[in-house]
Amino acid sequence: MRVAVPVFPGSNCDHDALHACGTVMGWETIPVWHQETRLPENTELVFVPGGFSYGDYLRCGAIAALAPIMADVKRHADNGGLVLGVCNGFQILCEAQLLPGALLRNESLRFIHADIHLRVERADLPFTRAMRAGEVFQVPIAHAEGNFTLDPADLADLEARGGVAFRYCSPLGEIGASHVPNGAMNGIAGIVNLQGNVLGMMPHPERAVDVKLGPVGGLGVFRSLAEAFAKA
Amino acid sequence: MKVRVSVQLKPGILDPQGKAVEHGLHGFGFQVDHVRIGRLIEMDVPGTDPAEVKARALAMCEKLLVNPVMEKASIEVL
Chain L
7 MRVAVPVFPG SNCDHDALHA CGTVMGWETI PVWHQETRLP ENTELVFVPG
57 GFSYGDYLRC GAIAALAPIM ADVKRHADNG GLVLGVCNGF QILCEAQLLP
107 GALLRNESLR FIHADIHLRV ERADLPFTRA MRAGEVFQVP IAHAEGNFTL
157 DPADLADLEA RGGVAFRYCS PLGEIGASHV PNGAMNGIAG IVNLQGNVLG
207 MMPHPERAVD VKLGPVGGLG VFRSLAEAFA KA
Chain B
3 MKVRVSVQLK PGILDPQGKA VEHGLHGFGF QVDHVRIGRL IEMDVPGTDP
53 AEVKARALAM CEKLLVNPVM EKASIEVL
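Residue numbers (our numbering), protein chains in the order written: chain L, 7 to 238; chain B, 3 to 80.
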């Protein structure tokens with residue numbers, strides 16, 4: 007399995023992505039500078055990492071979405087290649103219009119870092135297939151702009167087509183406004199495109215995969231990807 | 003020509019910054035409602051035809067300056 011991790015000025019979770027995919031999962035994982043115009047040959051997964059690309063100027067992810075490498079990431083996605091965007095990576099995928107919606111300032115106006123719980127809404131994706139629908143897992147969040155927003159008609163469409171992959175929930179899997187840390191509409195933590203090959207999420211599964219560093223709630227995502235690639 | 007693009011959050015989009023500022027103003031005793039915070043972008047655009055310059059600014063809004071999911075813009079050619 008070959009993974010490319012685009013690195014933008016201001017990315018700061020690129021090494022988390024490299025550690026999770028490379029050291030923990032043992033995949034060939036290649037950092038790719040944003041000025042590059044081509045992903046490595048035979049890239050199977052593009053992991054767009056978190057951080058503060060371009061200092062979050064204008065809007066989070068807006069400038070990174072225009073970086074030279076992103077044209078090839080779009081081509082990869084259009085050809086059915088897998089793309090996972092985490093945190094700032096999710097914001098970048100929205101700004102690049104690979105995913106619908108936008109991530110606004112947290113309702114509280116504060117940067118929030120916490121361990122939260124997610125409920126798996128779709129267990130049939132390459133990113134979730136090793137998990138069960140309704141399964142609850144714990145991963146950290148660390149963001150100031152994670153308040154997922156979409157206009158009401160598009161939100162209804164997203165829900166109707168099963169575009170929500172993960173929702174914030176209580177440790178027992180209950181859904182409700184009190185379990186949503188950032189004000190995200192319908193408690194949405196992660197979404198997937200229509201084809202199911204591009205997933206964006208605010209929480210950080212790649213920060214919860216190594217027993218030497220703490221809980222490993224994020225492993226489900228990576229085991230799913232491993233399964234998807236074993237099958238391919 | 004000097005162009006001024008004013009970017010505002012769409013109505014209905016939560017503006018926590020506006021809310022916080024509104025709260026602050028209330029703290030000083032000002033009676034205000036519906037405070038919304040936007041962004042003002044000024045630039046020099048080559049050209050002498052205001053309509054053409056405005057069209058170019060509109061293209062910039064569509065490409066980069068505005069996220070249509072949450073924002074709307076008004077363009078002024080000065």
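Note that CB positions come from ideal geometry on N, CA and C, so glycine has one too.
Which of helix, strand or coil DSSP assigns to residue i
i: Q19/B; result: helix
i: L115/L; result: coil
i: K237/L; result: helix
i: K65/B; result: helix
i: A1/B; result: In the structure displayed, chain B extends from 3 to 80; residue 1/B sits before or after that span and is not available.
i: V6/L; result: Shown here, chain L extends from 7 to 238; a query on residue 6/L therefore has no answer.
i: T29/L; result: helix
i: L131/L; result: coil
i: P37/L; result: strand
i: G223/L; result: coil
i: G14/B; result: coil
i: R44/L; result: coil
i: A136/L; result: coil
Limits of the alpha helix (DSSP H) - the one that residue i falls within
i: G95/L; result: N94 to E101
i: P158/L; result: P158 to A166
Opening and closing residue of the beta strand (DSSP E) in which residue i lies
i: L24/L; result: No beta strand (DSSP E) contains L24/L, which is instead part of the alpha helix (DSSP H) from D20 to L24.
i: I39/B; result: Careful: I39/B lies outside any beta strand (DSSP E) and carries neither H nor E.
i: M207/L; result: V204 to M207
i: N153/L; result: N153 to T155
i: H149/L; result: V142 to H149
i: S8/B; result: K4 to L11
i: R173/L; result: V170 to C175
i: V47/B; result: First-last for V47/B: undefined, no H or E at that position.
i: V217/L; result: V217/L -> no beta strand (DSSP E), and no H or E assigned at all.
i: G196/L; result: I194 to V198
i: L110/L; result: A108 to L110
Closest residue to residue i among the options (Cα-Cα distance)
i: L164/L; options: E180/L, N94/L, M7/L and G107/L; result: G107/L
i: P177/L; options: I147/L, A102/L and H185/L; result: H185/L
i: Q10/B; options: E78/B, A57/B and V68/B; result: V68/B
i: R173/L; options: M207/L, R116/L and A236/L; result: M207/L
i: H40/L; options: F53/L, V204/L, L64/L and A232/L; result: F53/L
i: V37/B; options: D46/B, M45/B, P13/B and G49/B; result: P13/B
i: Y60/L; options: L72/L, L51/L and T49/L; result: L72/L
i: G91/L; options: I69/L, E34/L, C19/L and F235/L; result: C19/L
i: L105/L; options: I197/L, G168/L and H119/L; result: I197/L
i: V79/L; options: V13/L, Y63/L and C93/L; result: V13/L
i: R44/L; options: A77/L, A148/L and W33/L; result: A77/L
i: A214/L; options: V38/L, P15/L and D22/L; result: D22/L
i: I147/L; options: P211/L, D157/L, R135/L and A166/L; result: P211/L
i: V34/B; options: L16/B, R41/B, G40/B and K21/B; result: K21/B
Any chain B beta carbon closer than 7 Å to residue i
i: L115/L; result: yes
i: T134/L; result: no
i: A108/L; result: yes
i: R167/L; result: no
i: T35/L; result: no
i: R111/L; result: yes
i: T155/L; result: yes
Residue-level contact to chain L via CB, residue i, 7 Å cutoff
i: V71/B; result: yes
i: P48/B; result: no
i: P18/B; result: yes
i: A22/B; result: yes
Contact test: residue i Cβ vs the ligand NAD heavy atom, cutoff 6 Å
i: A136/L; result: The model on display carries no ligand, and the ligand NAD is accordingly not part of it.
With a floor of 4 residues, list each alpha helix (DSSP H) that falls wholly inside the segment 51–84 of chain L, ordered by position along the chain. For the segment 51–84 of chain L, whole alpha helix (DSSP H) runs of length 4 or above, ordered along the chain, are 74–84.
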